[in-house]
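Colleague:
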Amino acid sequence: MEIAIRTLLDTGNEALIAFTKRNLLGEKVDLEELWILSRVKRILKNQQSTGSWMYPNKKATLRSPTNYNQFQTYKTIAELVEFYGLNKKCDSIRKAADYLFSFQTEEGEFRGIYGNQYSPNYSASITEFLIKAGYDDIRIEKSLNWLLKMRQDDGGWAIPLRTRNKGLEALFEKEIIEPDKAKPFSHLVTGIVLRPFSLIPVYREKVKDAGMLLADRVFTRDKYPDRIGVEYWTKFTFPYHWTDILTTLDTLSLLGIGEHPKINEIIKWFEKHRKENGTYEVSVMAGAKYKDVKYWITLKYLNVIRRRKWS
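Each step along the sequence shown adds one to the number in my numbering, with nothing skipped, and position 9 is 633.
Right, dumping it as structure tokens:
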């Protein structure tokens, strides 16, 4: 780990260095100093008066049931939180959070990215980054409780329209497609949904069984067509978006699941792909546009390993 830490500290990336010092060296770091970086200022400059960020591809938004600005806003919050440590003390984050909460239904779901259809995956992912931004109020509870109600009979989660053998054309349907809960869970969706639960201690025990289900599925094909292949386990995303072996290992460690054969397989995979400078050779599926993203993935992995050693 020492070689990797030196590599991360030598990147010249102020944000990456700050998080490395805090997470791997245990140093006290003032992350608010990152909030005035030029990259952060450029991002915040593009925030709309509504608190949102506009989706860059305007053609994609035409006649689409997907609320692309909601999607872009949640992705921007993820970037600001993960790379620069912004939280709800920042006025721009509060405005963005208020914008996202405006799409929360009475039941607790964040509706709109899948049109009028249920989306436990995006609802959970939005909740994850709001929690990381410091939100822990009744609105977060409502979201988590809604997700608990949406579990499949086997204990995991799936996209409801997929359990009815529906494709993306179903996003145009006004009638809500209810899930067939007898169908098997999707590990893609389950891995995403477990992340916000893993961040709040009082909820961890409620979903630990689903964590074991997720672990059982590592390096296997999914049950539904979305990212069905085994290869997607090692196509990484950062900030976290889909489910891969790093997001899974991170979640399992937070849930207190430390003993499972698949965990050993994950660690062996990383060891096999470690480079001489201590970082890891990874394929980035989402987040490749971000500077030094592979170094960030190395930092996240090393932080999980460090946490496992202390637990």
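All C-beta atoms in this analysis are idealised placements derived from N, C-alpha and C, irrespective of residue type, glycine included.
Could you tell me which of 695, 669, 839 and 626 sits nearest to residue 888, measuring between CA atoms?
Modeller: 839
Colleague: Using alpha carbons as the reference points, say which of 688, 837 and 864 lies closest to residue 777.
Modeller: Nearest to residue 777 by alpha-carbon distance, out of 688, 837 and 864, is 837.
Colleague: Which residue from 743, 769 and 817 puts its Cα closest to that of residue 800?
Modeller: Of the candidates 743, 769 and 817, the residue whose Cα lies closest to the Cα of residue 800 is 743.
Colleague: Could you name the residues of the same chain whose beta carbon sits closer than 6 angstroms to that of residue 707, not counting the 5 residues immediately before and after it, in chain order?
Modeller: Taken in chain order, the residues that qualify are 639.
Colleague: What are the uninterrupted segments assigned as alpha helix (DSSP H) that are 4 or more residues long and contained completely in the stretch 734 to 788, given in chain order?
Modeller: 744 to 756, 762 to 773 and 784 to 787
Colleague: Identify the continuous alpha helix (DSSP H) that holds residue 836 and give its terminal residues.
Modeller: 825 to 841
Colleague: What is the DSSP secondary structure of residue 935, counted as helix, strand or coil?
Modeller: Residue confidence for residue 935 is low, a pLDDT of 45 falling below 50, so the modelled location carries little weight and cannot support an answer.
Colleague: Which residue wins for smallest C-alpha separation from residue 822, given the options 871, 811 and 844?
Modeller: 871
Colleague: Out of curiosity, what's the CA-to-CA distance linking residue 935 and residue 891?
Modeller: Here the model assigns residue 935 a pLDDT of 45, short of 50, so the residue's position is not dependable and the matter cannot be decided.
Colleague: Does DSSP classify residue 666 as helix, strand or coil?
Modeller: Three-state DSSP puts residue 666 in a helix.
Colleague: Assuming residue 781 and residue 810 are in contact, meaning their beta carbons sit under 8 angstroms apart, how far apart are those beta carbons, in whole angstroms?
Modeller: 7 angstroms
Colleague: Nearest-angstrom Cα distance between residue 886 and residue 842?
Modeller: 6 angstroms
Colleague: Among the candidates 652, 705, 785 and 845, whose CA atom is the shortest distance from the CA of residue 720?
Modeller: 705
Colleague: Measuring alpha carbon to alpha carbon, tell me which residue in 713, 697 and 768 is nearest residue 726.
Modeller: Of all alpha-carbon atoms in 713, 697 and 768, the one lying nearest the alpha-carbon of residue 726 is that of 697.
Colleague: Which residue wins for smallest C-alpha separation from residue 783, given the options 798, 732, 738 and 760?
Modeller: 738
Colleague: Taking the alpha helix (DSSP H) that residue 822 belongs to, which residues open and close that run?
Modeller: 811 to 822
Colleague: If distances are taken between C-alpha atoms only, which option among 927, 926, 932 and 920 comes closest to residue 637?
Modeller: 920
Colleague: Note the first and the last residue of the continuous alpha helix (DSSP H) segment covering residue 705.
Modeller: 692 to 708
Colleague: Going by DSSP, what residue range makes up the beta strand (DSSP E) through residue 806?
Modeller: Neither: residue 806 is in no beta strand (DSSP E) and is coded neither H nor E.
Colleague: Beta-carbon of residue 643 versus every beta-carbon of chain B: anything under 7 angstroms?
Modeller: In the structure shown, chain B cannot be found, because there is only a single protein chain.
Colleague: Which residues mark the beginning and the end of the alpha helix (DSSP H) in which residue 631 is found?
Modeller: Unbroken alpha helix (DSSP H) run through residue 631: 626 to 633.
Colleague: Quick test of the definition: if touching needs 3 or more C-beta pairs under 8 angstroms, does the stretch 746 to 761 touch the stretch 812 to 831?
Modeller: The answer is yes - the stretch 812 to 831 touches the stretch 746 to 761, with three or more Cβ pairs under 8 angstroms.
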